[in-house]
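Here the structure comes first, spelled out in structure tokens, and everything after it is commentary.
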Amino acid sequence: MSKIYKIALMPGDGIGPEVIAESVKLLDAVAEQSDFSFEYTEVLAGGAAIDAQNDPMPQHTVDICKSSDAVLLGAVGGPKWDNLTGAMRPESGLLKIRKELGAFANLRPVAVPPSLAESSPLRPAAVIGVDLLTVRELIGGIYFGRPSGNDGQEAFNTMRYTVGEIERVARVAFEWARKRRNKVTSVDKANVLDVSRLWRDTVKKLHAAEFSDVALDHMYIDNASMQMVINPRQFDVIVTGNLFGDILSDVSATLGGSLGLLPSASIGSGVGLFEPVHGSAPDLAGQGKANPIAMILSTAMMLDSLGESRSATAIRQGLDAALGYNSRTGDLWHEGYKKISTSEMGDLIRTETLKNLY
Ligand code: IPM
Ligand code: MN
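Numbered by this note's numbering, the letters in the sequence shown go through residues 561 to 918 in order.
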């Protein structure tokens, strides 16, 4: 009997449903050419869940996710819910599911093939060949640290890491480096923050004990942000805390010209969560203008994590071939290109992917 993967689908808000639809069409097409299939359960998250159940991450959604093989998430949030605070915000739902799944490592790869270099705000010569992976700690640091509070006159958050939390995410980074170009850059603010000094010491000790074959360097977050713009090709794997990783990965996303390109995988103790780095883009929602590439690359990362790397590779090669046509969604469009819709881009990638699977 062929394998059936149980996939929880969380379309979420804004462009989330449109991009996730392209992933589902692609997965089903890939499955037809393979010895596995997918069984989807659609669940509510973010603003959509607030509207329906007054809770951005209902327990039912958490339960379904935990009993699935993987979770695909579109995007959450939007102006409609911007006046909500604290645990009622759509974003809190996202933080909650990451935490519930124990997804402590967030992988955000960026590669800039020659076909995208022209869309970059940087000079093509500076970005062609960029191939980096940010490993962001996802369920600790200042996003979750206690105490935190806001009494209207004073507000505070706590950036807190334990040795164990640092070690487990650094280990993921070192292991990825071994599969790539064997280099890790650890990013912190150890010239100012105690928590960063513990971060740096811990990464150094782990390196000496288990990963001395991997090249390791350390950078302050301010310098790393600048280096990302002036010389991004120097990076292979970057490992950093939750807040620094949030910021640095958005910077890295601009290298290829659009946040609509950047996928992510959040992995850890159990079920992986696969989501584009971009948000719900309310200004684009419902118009077929969204770029499905980040969602589709997140889907390829999901297939890799399920052990279906032949299909994942077929998708990545299909995407490369699709980008060879002079067709782009609006975010990447410029003179000389044809502007196409979300589903047209999805169709193109699917057609090219299938050519690799016959
Ligand atoms: C991201 C997003 C989220 C984050 C928000 C929506 C909570 O910016 O995935 O990068 O800050 O982690
Ligand atoms: Mn972010």
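Note that beta-carbon positions come from the ideal geometry of N, C-alpha and C, so glycine has one too.
Contacting residues, own chain, Cβ-Cβ under 7 Å from residue i (five flanking each side not counted)
| i | result |
| --- | --- |
| ARG793 | GLY689, VAL690 |
| ASP615 | ALA609 |
| GLY724 | none |
| LEU914 | ALA589, GLN593 |
| ALA715 | GLY709 |
| SER840 | GLY572, ASP573, GLY574, ILE575, GLY576, ALA635, VAL636, GLY637, GLY638 |
| GLY705 | ASN717, THR718, MET719, ARG720 |
| GLU582 | PRO852, MET855, ILE856, THR902, SER903, GLY906 |
| ARG910 | LYS585, LEU586, ALA589 |
| ARG876 | ALA860 |
Integer-rounded CB distance, given that residue j should sit under 8 Å from residue i
| i | j | result |
| --- | --- | --- |
| LYS626 | VAL831 | 6 Å |
| ASP573 | VAL636 | 5 Å |
| GLU578 | GLY848 | 7 Å |
| LEU833 | LEU661 | 6 Å |
| VAL811 | MET788 | 5 Å |
| LEU586 | THR859 | 6 Å |
| PRO681 | GLY828 | About 33 Å separates the two Cβ atoms, so there is no contact after all. |
| TYR600 | VAL584 | 7 Å |
| VAL729 | ILE798 | Incorrect: roughly 11 Å between the Cβ atoms, too far for contact. |
| LEU698 | ARG658 | 5 Å |
| SER746 | LEU776 | 7 Å |
| GLU912 | ALA882 | 5 Å |
| LEU866 | ASP629 | 6 Å |
| SER826 | ALA663 | 4 Å |
| GLY890 | SER675 | No, GLY890 and SER675 are not in contact; Cβ-Cβ is about 17 Å, not under 8 Å. |
| GLY801 | GLY701 | 4 Å |
| LEU693 | PRO669 | 5 Å |
| LYS640 | GLY607 | 6 Å |
Residues of its chain near residue i, where Cβ-Cβ distance is below 6 Å and the 5 sequence neighbours each way are ignored
| i | result |
| --- | --- |
| ASP907 | none |
| LEU863 | SER871, ALA872 |
| LEU819 | ALA813, HIS838 |
| ALA845 | GLY574, ILE575 |
| LEU857 | PRO823 |
| ASP748 | SER756, TRP759, ARG760 |
| LEU892 | SER679, GLY817, SER818 |
| PHE804 | VAL747, ILE781 |
| ILE624 | ALA568, THR601, VAL603 |
| LEU917 | GLN593, ALA874 |
| LEU821 | ILE853, ALA854 |
| PRO571 | PRO577, ILE580, GLY634 |
| ALA750 | SER756, ARG757, ARG760 |
| ALA671 | ASP691 |
| ARG740 | ASP796 |
| ARG683 | none |
Beta-ladder partner(s) of residue i, from DSSP
| i | result |
| --- | --- |
| ASP748 | TYR780 |
| GLY832 | ALA630 |
| MET533 | Any property of residue 533 remains undetermined from this structure, which presents the chain solely from 561 to 918. |
| ILE526 | Here the chain comprises residues numbered 561 to 918, so residue 526 is not present and cannot be evaluated. |
| TYR565 | PHE598 |
| ALA635 | GLY572 |
| LYS899 | ARG888 |
| PHE704 | Beta-bridge pairing links PHE704 to no other residue. |
| PHE716 | GLY709 |
| ARG668 | THR694 |
| ILE610 | According to DSSP, ILE610 bridges with nothing at all. |
| ALA647 | Beta-bridge pairing links ALA647 to no other residue. |
| SER826 | ASN666, LEU833 |
| ALA775 | LYS743 |
Same chain, Cβ closer than 8 Å to residue i, neighbours up to 5 away in sequence not counted
| i | result |
| --- | --- |
| ILE807 | ILE781, SER785 |
| GLU727 | THR762, LEU766 |
| TYR897 | ASN886, SER887, ARG888 |
| ASN791 | ALA686 |
Any chain B beta carbon closer than 8 Å to residue i
| i | result |
| --- | --- |
| PHE804 | Absence of chain B from the displayed structure is noted, only one protein chain being present. |
Handout entry: contact_flag[the segment 648–656, the segment 772–785] where n(CB pairs < 8 Å) is 3 or more
Key = no
Exercise for the section: Considering only heavy atoms of the ligand MN, list every residue whose Cβ is less than 7 Å from one of them, following chain order. Expected result: ASP806, SER809, ASP810, VAL837
Exercise for the section: Could you tell me whether the segment 712–724 touches the segment 732–741, where touching means 3 or more Cβ pairs closer than 8 Å? Expected result: no
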